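Residue 1 is where the sequence shown starts when you use full-length UniProt numbering, and the numbers rise one by one after that.
A quick write-up on the structure given underneath.
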Amino acid sequence: MPPIALSSRNSSLIKRAHKLPPPNAKLAYQIVAAQLRVWTADHTGRACRPWYIFCLELYPRGTVINQTIMRPASQPPSPTDMLSFLLSHIVDPPKNQPVALPTQVSFIDQSVTEALAPHLRRLNIEVATLTLADGLSDYVKRFSDKMISDDRATRSDTSERPGLLSVPHVSASLISKLTTAACKMYAAQPWRNIAEHLALRVLLPADSEKRRQRFFLTVLGSDEKIMGFALMPSLHDLRSKYRRAVLHRTDGLEDDGEQGRIAPDVLVCASCGRRVEEQLAEDGRRFVHRCAACKRLLYCDETCQRRDWAQRHRSECETAAADAEYVFRRDEWGWLKRELVCLFVDPTSVPFDDLDGFELFKWPFVREQSPPLYPLTFASVQGFTTRVALPTKKEIEVMIDIARTLTECVRPPPKDGVIHLASGVSISVAENLADSLP
């Protein structure tokens with residue numbers, strides 16, 4: 001970024017700073033712009049995460065010494081704003097702070113450094129780009145908590161949940177693929193033509209083991225309120241969920257969860273997520289592939305069992321053997337009914353960690369709506385109790401495939417036919433869920 005043009009205010013502040021005596025000891029600052037982990041109302045009354053500029057004294061004290069809120073609070077600060085804040089701090093610091101020129105000022109964004117360096121070097125200030133100082137994240141959290149305790153801000157239930165980057169082996173580039181696919185699906189608007197009561201059967205292309213994953217899908221948004229999709233490995237589960245949603249039944253949910261762990265269509269492979277079928281041994285006895293040591297996890301066959309042993313189960317088998325509840329906490333398909341969900345929601349329903357990721361990595365979201373809509377992905381898990389969990393890396397990859405499928409197939413398949421997409425996905429109508437209603 002080229003050097004910024006000086007505003008009249010900043011020109012005046014630089015002239016005042018020139019009159020200060022040169023520093024007689026090392027004094028290092030870092031100027032950082034950050035959004036708080038709270039929600040407040042902006043000047044229009046709309047919910048926003050307020051932007052603040054912080055001044056950290058890196059040396060000698062290592063502490064935050066000044067801060068200011070942006071006006072309007074929803075607007076990220078520009079390099080001009082950051083320069084104005086720094087110069088104001090130098091010539092007119094808060095009470096009990098000395099008036100002094102720093103010897104060094106750093107920023108965490110190289111483009112900001114390039115924009116401001118020529119003006120600060122006129123004051124004989126060394127300028128650099130450094131990583132974020134330790135402790136600022138904790139300070140922002142404490143500052144945010146204080147605003148909530150003072151009733152100056154709020155926070156939703158989902159705000160402090162971990163973000164997708166906390167999922168093992170998930171990278172920012174994978175999430176970018178997910179959000180890109182979701183936004184393209186939003187632009188295609190499949191819910192305009194595919195009714196929510198249609199259960200779609202989706203066969204994904206064969207994986208490295210030459211197996212095709214099968215899922216059952218319902219497209220959400222025909223009422224134009226909440227858009228997205230819900231995905232399950234079992235048509236029985238999708239049907240039951242639809243019945244409860246339509247009939248507003250809240251009783252018996254725990255019973256459904258209990259039945260889900262023993263019903264044949266939800267005993268699923270701990271490696272690939274496919275339904276585990278009972279098999280017949282040579283002596284006529286029925287069996288399923290099960291870990292012989294812990295006797296907790298089930299598998300399709302020996303291939304899946306060997307793969308899961310190498311990738312994960314070797315390190316957890318002893319723990320699983322000693323803890324009967326372990327498999328219900330295992331964040332995988334095994335023994336649990338996991339519904340994968342992608343919804344487009346306003347930012348107050350998105351974890352702060354994910355919102356920070358959208359800002360930092362420039363992941364796409366639906367900007368043309370007001371408020372903007374963000375793709376929120378999660379797994380609804382029915383075990384002992386129903387809970388919301390983060391999707392695994394494998395499940396994120398599945399949701400990318402489903403979003404791409406709904407971008408390509410925006411109309412329902414024929415009643416008794418199958419659509420074969422160029423991507424290798426096959427999609428058909430499994431049933432009309434409305435027919436299952438009493």
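In this text, a Cβ means the ideal position worked out from N, Cα and C, and glycines have one as well.
Here the structure is a predicted model, which means the values were calculated and not measured.
Practice item. Determine the burial state of His420: buried for a count of at least 16 other Cβ atoms within 10 Å of its Cβ, exposed for fewer. Key: exposed
Exercise for review: With a 10 Å radius around its C-beta and 16 neighbouring C-beta atoms as the bar for buried, classify Glu196 as buried or exposed.
Suggested key: buried
Review point. Nearest to Pro364 by alpha carbon, out of Leu390, Val91, Leu174?
Key: Leu174
Check your understanding: How far does the beta strand (DSSP E) with Cys304 in it reach, from first residue to last?
Key -> Element bounds for Cys304: not the beta strand (DSSP E) but the alpha helix (DSSP H), 302-308.
Review point. With distances taken between CB atoms, is the gap from Ile402 to Pro413 smaller than 8 Å?
Key: no
Exercise for review: Taking Met399 as the reference, give the member of Asp356, Ser159, Tyr29, Arg214 with the closest Cα.
Suggested key: Arg214
Check your understanding: Leaving out the 5 sequence neighbours to the left and right, which residues in its chain are closer than 6 Å to Asp308 when beta-carbon positions are compared?
Key -> Ala270, Ser271
Practice item. Note down the Cα distance separating Leu231 from Ala182, rounded to an integer number of angstroms. Key: 14 Å
Check your understanding: Under a three-way DSSP split, which group does Ile108 fall into?
Key -> coil
Exercise for review: Classify Ala430 as helix, strand or coil using the three-state DSSP reduction.
Suggested key: strand
Exercise for review: List the whole-angstrom C-beta distance separating Thr80 from Asn10, where the pair is believed to meet the contact cut-off of C-beta under 8 Å.
Suggested key: 7 Å
Exercise for review: Tell whether a beta-carbon distance below 8 Å holds between residue 439 and Leu390.
Suggested key: Any answer about residue 439 is impossible in this case: the structure gives the chain only from 1 up to 438.
**Study point:** Close Cβ partners of Ala379 (< 6 Å) along its chain, the five nearest in sequence each way excluded
**Key:** Arg338, Leu340, Ala389, Pro391
Practice item. Using alpha carbons as the reference points, say which of Arg290, Leu132, Lys295 lies closest to Thr303. Key: Arg290
Exercise for review: Entirely within the region 143-219 and at least 3 residues each: give me those beta strand (DSSP E) ranges in chain order.
Suggested key: 198-203
Review point. Leu231 bridges to which residues according to DSSP?
Key: Leu217, Leu340
Check your understanding: Can you tell me the Cα-Cα spacing of Ala322 and Cys294, whole angstroms?
Key -> 8 Å
Practice item. Write down the C-beta distance between Ala188 and Val410 rounded to the nearest angstrom, noting that I regard them as a contact closer than 8 Å. Key: 5 Å
**Study point:** Contacts around Arg366, its chain only, beta-carbon distance under 7 Å, and the 5 residues preceding and following it disregarded
**Key:** First, the residue type needs correcting, since residue 366 is Val and not Arg in the sequence shown. Answer for Val366: Cys183, Tyr186, Phe344, Pro372, Leu373, listed in chain order.
Exercise for review: Might you give, ordered along the chain, the residues of its own chain that have their beta carbon closer than 6 Å to the beta carbon of residue 496, omitting 5 neighbours on each side?
Suggested key: Here the chain covers residues 1 to 438 and nothing more, so residue 496 does not appear.
Review point. Straight-line CA distance for Leu6 to Leu130?
Key: 24 Å
Practice item. Going by DSSP, name the residue or residues bridged to His289. Key: Tyr299
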